[in-house]
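Reading through the structure tokens given below for one structure.
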Amino acid sequence: MSCTAIGQDSRSIKRREMLDGARATLPLIIGAIPFGIIFGTLAGPSGLSPLGALAMSVFVYAGSAQFIALGLLAAGAAVPVIIATTFVVNLRHILYAANLVPKVGHLPHRWRIMMAFGLTDETFAAVSNRFLLQENTDYAHWFYLGSMLAMYGNWVLCTGLGIALGELFPDMTDWGLDFAMSVTFIGMVVPYLKSKPMWGAVIVSGAIAMATIAMPHKLGLMVAALCGIATGLSLHLLLKRQLAREAAHD
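Residue numbers (the working numbering): 84 to 333.
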């Protein structure tokens, strides 16, 4: 095979991976559309200029953290408090990164920096199967890129729409559109509920999240996540040990 043919084949694979990544993210994008629009509509009443709101979506690109920042901004919180709070809220991304590091550690820094910027709940959910369940990950980072660009473009576009619509329909925040995001997150979790460790992790983390909802700076989310991980891992090790015993008896 000639070098030209190999190059064309490589480009074809990259293009296909990007399209597959975008397609895998599409259901999550649909659920995120109202979320992005609501952020845009809240920017003005919270004291953030339209340009500032758009710049936040372009350069920060962190949905929940952006909402919290808006709330703190409206309350007149100091900049260090806003930065510290959004940092704590986004600590869950460390857990996502820990899952992906073994698969992307060989990539150049430019790729890893881009992937770190684009690591959101939706993109992690969309790419998990591609990275963690498939052995051949040579071009998986292109799948990630397709997912990230689709989600990022949607978020920035919806922020712009929200800014424009917020001026036309100032009461949009009372329409209940934020319910779509809750449904999206449920849809992200349900496909993984195929084993006792996963069920245990979800039930425990959900219960702990409800019990710690009053903790400051949303720290309850991190406590719930860590408890869920500990539960899932414990159940996984117990089942593994049980299977080993049964195999030894046989």
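Note that CB positions come from ideal geometry on N, CA and C, so glycine has one too. Small disclaimer: the values here were computed from a predicted structure and weren't measured.
Same chain, Cβ closer than 6 Å to residue i, five either side skipped, listed in chain order
i	result
residue 318	279, 280, 283
residue 295	303, 306
residue 314	283, 284, 287
residue 251	none
residue 231	201, 206
Inter-residue spacing [alpha-carbon to alpha-carbon] between residue i and residue j
i	j	result
residue 228	residue 198	8 Å
residue 222	residue 193	15 Å
residue 129	residue 137	14 Å
residue 312	residue 214	19 Å
residue 220	residue 132	42 Å
residue 293	residue 98	43 Å
residue 155	residue 165	6 Å
residue 359	residue 181	Since the first and last residues shown for the chain are 84 and 333, residue 359 lies out of range.
residue 211	residue 291	24 Å
residue 167	residue 150	14 Å
residue 92	residue 100	12 Å
residue 321	residue 331	15 Å
residue 289	residue 94	43 Å
residue 277	residue 111	20 Å
residue 117	residue 269	16 Å
residue 177	residue 96	30 Å
residue 273	residue 184	24 Å
Cβ shell of residue i (< 8 Å), same chain only, five flanking positions each side left out
i	result
residue 88	Only weak support is given to the placement of residue 88: the predicted model assigns it a pLDDT of 46, under 50, and the question is left unresolved by the model.
residue 240	119
residue 109	233
residue 24	Nothing can be reported for residue 24: it is not among the residues displayed for the chain, which extend from 84 to 333.
Assumed close pair residue i, residue j - CB separation to whole angstroms, cut-off 8 Å
i	j	result
residue 123	residue 244	6 Å
residue 152	residue 169	5 Å
residue 236	residue 127	That pair is no contact at about 23 Å.
residue 238	residue 140	6 Å
residue 216	residue 179	No, residue 216 and residue 179 are not in contact; Cβ-Cβ is about 16 Å, not under 8 Å.
Residues of its chain near residue i, where Cβ-Cβ distance is below 7 Å and the 5 sequence neighbours each way are ignored
i	result
residue 195	187
residue 190	224
residue 242	119, 122, 123, 136, 137, 140
Closer than 7 Å: residue i CB and nearest the ligand SAH heavy atom
i	result
residue 297	In terms of ligand content, the structure shown is empty, and the ligand SAH therefore cannot be addressed.
Any 3 or more C-beta pairs closer than 8 Å across the region 188-207 and the region 102-113:
Using a C-beta cut-off of 8 Å, the region 188-207 makes contact with the region 102-113, since at least three inter-stretch Cβ pairs fall below that distance.
So does the region 320-329 actually touch the region 296-310, counting three or more Cβ pairs closer than 8 Å?
No, because fewer than three Cβ pairs between the region 320-329 and the region 296-310 fall closer than 8 Å, the two stretches do not touch.
Between the region 142-155 and the region 170-181, are three or more C-beta pairs nearer than 8 Å?
Because the criterion of three Cβ pairs below 8 Å is met, the region 142-155 and the region 170-181 touch.
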